[in-house]
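Residue numbers (the numbering used here), protein chains in the order written: chain A, 1448 to 1647; chain B, 1448 to 1647.
Even glycine gets a Cβ: it sits at the ideal position worked out from N, Cα and C.
2 protein chains.
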Amino acid sequence: MTTGIAVTRRTDQQQASRIAIFANGQTIYADGEKCDWAYRVAFGAVSLYRVLACGRRQIIAFHLAGEWFGIEQGRRRQFTAEAIGPTGILCANLAADQCPALLPAVLDALWSAREHQLVISRQSSHERVAAFLLEISERTQDKRRFDLPMPRADIADYLGLTIESVSRAVTRLKCSNAIRLVGPRGIEILDRDRLRSFCD
Amino acid sequence: MTTGIAVTRRTDQQQASRIAIFANGQTIYADGEKCDWAYRVAFGAVSLYRVLACGRRQIIAFHLAGEWFGIEQGRRRQFTAEAIGPTGILCANLAADQCPALLPAVLDALWSAREHQLVISRQSSHERVAAFLLEISERTQDKRRFDLPMPRADIADYLGLTIESVSRAVTRLKCSNAIRLVGPRGIEILDRDRLRSFCD
DNA sequence: CGATGATTTGAATTGCTTCAATATCTGTGG
DNA sequence: CCACAGATATTGAAGCAATTCAAATCATCG
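Spelled out as structure tokens, the structure:
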């Protein structure tokens, strides 16, 4: 929400394969805008969210380096996309002839969305957090030791929990020796099987 | 789960645009199978679900007449597809050259999956049930008076609730005069705005 | 009309949230 | 290098909503 570095929103996204740099909390596109472009994360991370009428913010997905997002052809933006930390974004034209390249990315997004649905629909707080850590782990270079790009508030809004519940679940995983914390953001997976056993 | 009418699983789905008839509870495809075909509901309804390790069944989506499902190119089936009541299914070849026709269907599915995520992540039981009734209403011919194709157990497994919670929420909506029940499956929306006001 | 399955209702329990306080981390200036 | 301030994260205690277990009611079909 807050902007760290003073970088104004790029208006030169029109040049395809041009990298745009966004600061923490900057909006890449907003809920309701036209969807002319698709995006890919070069570095950093992106959250897709909507603020509900009740004031709650629900994060629908995170996108890490290398991942496509924002393919929503012929509609208005369903969510707002926002940079988490300093983030580089590549833009691509959403022309119909690029369809063969786009379909796999959309299928991936659908796959992920549905797997996430399984997690948030019925799982307990520690199951959700364990699943989340494994999910991020799988999408990172070093799958054993990594840093979470986002604060607890983002994790909570993604998992449908409160900050406090996320924190308690992390503590619980830590106490079971499944993970080790390296500061609030650093995660080391000590026992992946034990962590997996927390997921349902 | 149970098969009402004695119809064996069709093995002649190879003929495109041929209709296959499934009885209540029959499997159209199963979790883990190869995905060679896409499907469209001719009549009846279909649920996509997975049974979790803990024994819980999570329904990820319902598909009503006219809707595509099962487009999962190049993977194994993520979920099991099952008929709800007597259901007619049209089959189509998942050839790459049909991509322009498939992409919109996948984008629709992603859109719906994400809207549903908003509902189940943070909403209370009556908010979820109200949203569900409106969702089904929008996908039915008569948007004011319709019959739910599925029993309470399916609604519960779709909304991440128990049967009892669904029932209590329905009762609550009924008592507020937002809806009227016509037997357990029949729904008449008396006050759509009031029903909408229950959604967050 | 009785039987079976589906749905509703009731009471107690559990787990997440809420509100409040404490602790930790990070960056800045002395 | 250390002290401080603001933000982030953890911990604690009470409240509340959904679940669980149990019983009653309703619907449908032979």
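Chain B partners of residue i, CB-CB under 9 Å?
| i | result |
| --- | --- |
| A1600 of chain A | Result: empty, since nearest Cβ-Cβ is about 14 Å, beyond 9 Å. |
Could you have a look at residue i and say whether DSSP puts it in helix, strand or coil?
| i | result |
| --- | --- |
| D1478 of chain A | coil |
| T1449 of chain A | The predicted position of T1449 of chain A is uncertain, since its pLDDT is 37 and thus under 50; no value can be drawn from it. |
| E1635 of chain A | strand |
| R1592 of chain A | strand |
| I1518 of chain A | coil |
| S1644 of chain A | helix |
| P1551 of chain A | helix |
| L1541 of chain A | coil |
| S1623 of chain A | coil |
| Q1525 of chain A | coil |
| L1557 of chain B | helix |
| R1569 of chain B | helix |
| T1534 of chain A | strand |
| L1511 of chain A | strand |
| R1497 of chain A | strand |
| P1598 of chain B | coil |
| T1458 of chain A | Legend: pLDDT at T1458 of chain A = 44, less than 50; position of this residue unreliable, no value from coordinates given. |
| A1603 of chain B | helix |
| Q1421 of chain B | Within the shown structure, residues of chain B are numbered from 1448 to 1647, placing residue 1421 of chain B beyond reach of any answer. |
Which chain B residues sit within Cβ distance under 7 Å of residue i?
| i | result |
| --- | --- |
| C1501 of chain A | D1647 |
| S1568 of chain A | Q1505, I1567 and G1607 |
Please list the partners that residue i has in chain B, where partner means a Cβ-to-Cβ separation under 8 Å.
| i | result |
| --- | --- |
| R1497 of chain A | L1565 |
Please check the pair residue i and residue j, which I expect to be a contact at CB under 8 Å, by giving their CB distance rounded to whole angstroms.
| i | j | result |
| --- | --- | --- |
| A1560 of chain B | A1500 of chain A | The pair is not a contact, with the Cβ atoms about 21 Å apart (cut-off 8 Å). |
| T1534 of chain A | G1479 of chain A | Wrong, their Cβ atoms sit about 22 Å apart, outside the cutoff. |
| R1586 of chain A | I1636 of chain A | The pair is not a contact, with the Cβ atoms about 13 Å apart (cut-off 8 Å). |
| F1632 of chain A | D1594 of chain A | Rather than Phe, the amino acid found at residue 1632 of chain A in this sequence is Arg. Indeed they touch by this definition, with Cβ atoms about 5 Å apart. |
Notebook entry, point to check: Given 8 Å as the limit, is there contact between the region 1485-1498 of chain B and the region 1523-1537 of chain B, that is, 3 or more CB pairs closer than that?
Noted result: As far as the Cβ criterion goes, the region 1485-1498 of chain B touches the region 1523-1537 of chain B, which means the pair count is three or higher.
Next item on the list: Return the residues of the region 1536-1563 of chain B that lie within a Cβ-Cβ distance of less than 8 Å from chain A, sorted by chain order.
Entry: For chain A, the residues of the region 1536-1563 of chain B that bring a beta carbon within less than 8 Å of one of its beta carbons are A1543, C1546, P1547, L1549, L1550, P1551, V1553, L1554, A1556, L1557, W1558, A1560, R1561, E1562 and H1563, in chain order.
Notebook entry, point to check: Of the residues that make up the region 1504-1524 of chain A, which ones have a beta carbon closer than 7 Å to any beta carbon in chain B?
Noted result: Look at the region 1504-1524 of chain A: the residues with a C-beta under 7 Å from a C-beta of chain B are Q1505, I1507, E1519 and Q1520.
Item checked: Short-range partners of chain A found in the region 1582-1612 of chain B, where Cβ spacing is below 7 Å -> If the cut-off is 7 Å between Cβ atoms, the region 1582-1612 of chain B has G1607 near chain A.
Checklist line | Given 8 Å, three or more beta-carbon pairs between the region 1584-1599 of chain A and the region 1536-1556 of chain A | finding: By the Cβ criterion, the region 1584-1599 of chain A is not in contact with the region 1536-1556 of chain A, since fewer than three pairs of Cβ atoms, one from each stretch, lie closer than 8 Å.
Checklist line | Stretch pair the region 1622-1629 of chain B + the region 1602-1612 of chain B: three plus CB contacts closer than 8 Å | finding: The region 1622-1629 of chain B makes no contact with the region 1602-1612 of chain B; the number of CB pairs closer than 8 Å stays below 3.
Next item on the list: Flag this pair as touching only if the region 1512-1523 of chain A and the region 1567-1577 of chain A have three or more C-beta atom pairs under 8 Å; answer yes or no.
Entry: Contact between the region 1512-1523 of chain A and the region 1567-1577 of chain A is absent, because fewer than three Cβ pairs lie under 8 Å.
Note to self: So, does the region 1573-1584 of chain B touch the region 1576-1588 of chain A, judging by three or more C-beta pairs under 8 Å?
What the structure shows: Touching, no, given that fewer than three Cβ pairs across the two stretches are closer than 8 Å.
Margin query: Check whether the region 1475-1486 of chain A and the region 1499-1506 of chain A are in contact - that is, three or more C-beta pairs closer than 8 Å.
Written below: Between the region 1475-1486 of chain A and the region 1499-1506 of chain A there are fewer than three C-beta pairs closer than 8 Å, too few to call the two in contact.
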